[in-house]
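Novice:
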Amino acid sequence: MAGTAAERTRSTICAVASAPGAGERAVVRASGPQALEAVRGLCRDAEGQPLAPPGRGLYEVQVDDGVGVQPALLVWMPGPGSYTREDVAEWHLVGNPALVRAVLRRLGELGVEPAGPGEFTRRAFENGRLDLTRAEGVLALVEARNSEELRAAGSLLAGGLGGRIAALREVLEHLRALTEASLDFDQQDTGHVPLEEITAALEKARADLLEARTWESRRTPASGLARVVLAGLPNAGKSALFNRLTLEGDEHRAIESDQAGTTRDAKIGRLALPGGQEVLLVDTAGFDPHAEGVEAMAQDRRDLEWERADLLLEVVDPLGIQATADNPATGSGIPRLVVKSKVDLVPPPEDSGESLWISSHTGAGLTGLLAQIETRLGLAIQSDSPSSSSSGLERQLSERHRQALDQALQELGQARALLGERAGLDLVAEALRSAGLALDRITGQTTPEDLLDRIFSRFCLGK
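Oh and the sequence shown: position 263 is 265 in the numbering used here, straight run, nothing missing.
(1) Below 7 Å CB to CB, which residues in the same chain sit around L38 once its five sequence neighbours on both sides are set aside?
(2) By Cβ distance, which residues of its chain are closer than 7 Å to Q416, with the 5 residues on each side in sequence left out?
(3) Would you decide whether S33 is buried or exposed? Buried here means 16 or more other CB atoms lie within 10 Å of its CB.
(4) From this set, T86, S219 and E175, which residue's C-alpha is nearest L163's C-alpha?
(5) Where does V69 land, buried or exposed, given buried means 16+ other C-beta within 10 angstroms?
(6) Sort R87, R221, E92 and V77 by Cα distance to G139 and report the nearest one.
(7) Run the CB neighbour count on R107, radius 10 Å, all protein chains shown included, and call it buried at 16 or more, exposed below.
(8) In chain order, what residues of the same chain have a beta carbon less than 6 Å from the beta carbon of R246, not counting five sequence neighbours either side?
(9) Considering Cα atoms alone, identify which of Q447, D428 and R456 is closest to L177.
(10) Tell me A233's beta-bridge partners as DSSP assigns them.
(11) Quick one: what's K510 bridged to in DSSP?
(12) So, with DSSP's three-state summary, where would you put A40?
(13) Look at Q64 and V114 and say whether their C-beta atoms are less than 8 Å apart.
(14) Considering only C-alpha positions, which residue in the set Q279, D210 and P450 is nearest to L379?
(15) A48 lies in the alpha helix (DSSP H); which residues open and close that run?
(16) Would you mind stating whether A117 and G446 have Cβ atoms separated by less than 8 Å?
(17) Per the contact definition of three or more C-beta pairs closer than 8 Å, is the segment 449–460 in contact with the segment 195–215?
(18) Classify L453 as buried or exposed, calling it buried when 16 or more other Cβ atoms lie within 10 Å of its own Cβ.
(19) Let me know if A40 comes out buried or exposed under the rule of 16 or more other beta-carbons within 10 Å of its beta-carbon.
(20) Rounded to the nearest angstrom, what separates Q412 and A168 at their Cα positions?
(21) What is the DSSP secondary structure of T86, reduced to helix, strand or coil?
(22) Using 8 Å for Cβ pairs, my map puts Y2 next to F122. What's the rounded Cβ distance?
(23) At what residue ranges does the segment 426–454 contain a whole run of the alpha helix (DSSP H), taking only runs of 4 or more?
(24) Using only alpha-carbon positions, find the residue among C45, V284, P22 and L152 that is nearest to V77.
(25) Compute the Euclidean distance between the alpha carbons of P99 and L75, then round it to the nearest angstrom.
(26) Between which two residues does the beta strand (DSSP E) harbouring Q279 extend?
(27) Express the C-alpha separation of L441 and A406 in angstroms, rounding to a whole number.
(28) Provide the residue span of the beta strand (DSSP E) that contains L75, from first to last.
(29) For E423, count neighbouring Cβ atoms within 10 angstroms of its own Cβ and tell me buried if that reaches 16, exposed if not.
(30) Do L314 and V231 have their C-beta atoms closer together than 8 Å?
(31) Once DSSP output is grouped into helix, strand and coil, what is the label at K240?
(32) Contact check, G239 vs V317 under 8 Å by CB: the rounded distance?
(33) Which of the three DSSP states is assigned to R460 in this structure?
(34) Is P99 helix, strand or coil by DSSP?
(35) Bridge partners of K206, per DSSP?
(36) Beta carbon of A146, beta carbon of L180: below 8 Å?
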């Protein structure tokens, strides 16, 4: 996401907030100070006049997208009573991709900018609607693949950890106030706070912190899923392989087309391995060093998925252009398995050696490919064994929380030791301040900008 937080907040953004592709209904969302002007420029009432919604509500409108007029429902949510705490408009349209593109194009003409991944939720965070733990809960809920992950994500989204951290911060602030109140007084002065009272408050804070640490450990799913990420040049056959391997009934199907650049966002599905375990299979955009605009954003999302991968599955089309030296998959350092696709069109040579040749169309070679994936990941044969190489989102989020909680516990331990040694209360107060800063990293109050960028870049467009 380009630009500073202030620059992003000043602009008005839009994106498709519904599932990609054709459907009964599509939702286009806009948020920002110019949202009302966008409504007036796009919507007409029953008499054909520009619409100015009198207040929060749902309105039947005609949308003039610059090409024609289409019926729509407008949901108008003026700030601060919206998800982002900004003025928010949602257009519920007929789910025709061409009509949706026309609306987005018209919004662009009205000065509304395309939103980056997760930018709506980031604005909700930056404007105080959500703390970072609840924003992470939104992301985890979107990516959840089973009931256990849904439960864990729901606990974050409901504020289970954020609420505990807020209560802990109040305890620590009270404790700091007690220590600092005693700095300027002797024991005989009325302003002096007995060490016993400070010690008791410190033990209460430590007990609450341990309870939060235990809650977070219990919230996290017992095991995550390894990630196998498809890589390669455009039209190498990645999407066809994704659709062939992902479990039947999976909602995240990839579009197959001879046209390059079809895959723009990451598609995630479940892949069942011979031993009975499941892993996540991720389809990403093909490598294109000359991509611009939306395609360039797809390249950034692909790079992010590669960083999270346990295994890269590089698909090579023997009929097309071969991998180039500057293909980042070649020198990424991530474990990699190269497969050659379209064996139904190009039979493998007699000296193919150990090369994997597969056909997503006929299924040739897929059994051997799945066995190789299982071997490379080192997964156990038993279906109830946890993945030893899990890098699931929930585990990554919980690890971030755990490190901060452990740092806070360490600082409280230091404060307790200083009290026991009758050290200066200024040192105790500094240890308490450091504990508070560690907790603030969890809720996002002191989280570095680059970490926020990494977290919110994992969201889909429109979230």
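Even glycine gets a Cβ: it sits at the ideal position worked out from N, Cα and C.
Specialist: Straight from the coordinates:
(1) Answer for L38: D89, listed in chain order.
(2) Hits under 7 Å: A433.
(3) So S33 counts as buried.
(4) For L163, the nearest C-alpha among the options comes from S219.
(5) The residue is exposed, with fewer than 16 neighbouring Cβ atoms inside 10 Å.
(6) That would be R221, whose Cα lies nearest to the Cα of G139.
(7) It counts as exposed.
(8) Hits under 6 Å: S362.
(9) Comparing Cα-Cα distances from L177 to each of Q447, D428 and R456, the minimum goes to D428.
(10) Looking at the DSSP assignment, A233 forms a beta bridge with E316.
(11) A question about residue 510 goes unanswered here, because the residues of the chain that appear run from 3 up to 465.
(12) Assignment of A40 by DSSP, reduced to helix, strand and coil, places it in the helix class.
(13) Not closer than 8 Å, so no.
(14) If we check each option's Cα against that of L379, Q279 comes out closest.
(15) Following the DSSP letters along the chain, one finds A48 in no alpha helix (DSSP H), marked with neither H nor E.
(16) G446 is positioned such that its CB atom lies no closer than 8 Å to that of A117.
(17) Contact between the segment 195–215 and the segment 449–460 is absent: fewer than 3 CB-CB pairs across the two stretches fall below 8 Å.
(18) Exposed: under 16 other Cβ atoms inside 10 Å.
(19) Label assigned to A40: buried.
(20) Distance between the alpha carbons of Q412 and A168 is about 19 Å.
(21) When DSSP states are grouped into helix, strand and coil, T86 belongs to the coil group.
(22) No answer is possible for residue 2: the residues shown for the chain start at 3 and end at 465.
(23) You should have 427–445.
(24) Ranking the options by Cα distance to V77, first place goes to C45.
(25) Rounded to the nearest angstrom, the two C-alpha atoms are 17 Å apart.
(26) Taken as a continuous stretch (DSSP letters only), Q279 belongs to no beta strand (DSSP E), as it is neither H nor E.
(27) Distance between the alpha carbons of A406 and L441: 6 Å.
(28) V71 to M79 is the extent of the beta strand (DSSP E) around L75.
(29) Here E423 is exposed. Its C-beta has fewer than 16 other C-beta atoms within 10 Å.
(30) Less than 8 Å divides the Cβ of L314 from the Cβ of V231.
(31) Three-state DSSP puts K240 in a helix.
(32) Contact holds; Cβ gap of about 5 Å.
(33) Coil at R460, not helix or strand.
(34) When secondary structure is reduced to three states using DSSP, P99 falls in the helix class.
(35) Beta-bridge pairing links K206 to no other residue.
(36) Cβ distance not < 8 Å, so A146 and L180 don't count as in contact.
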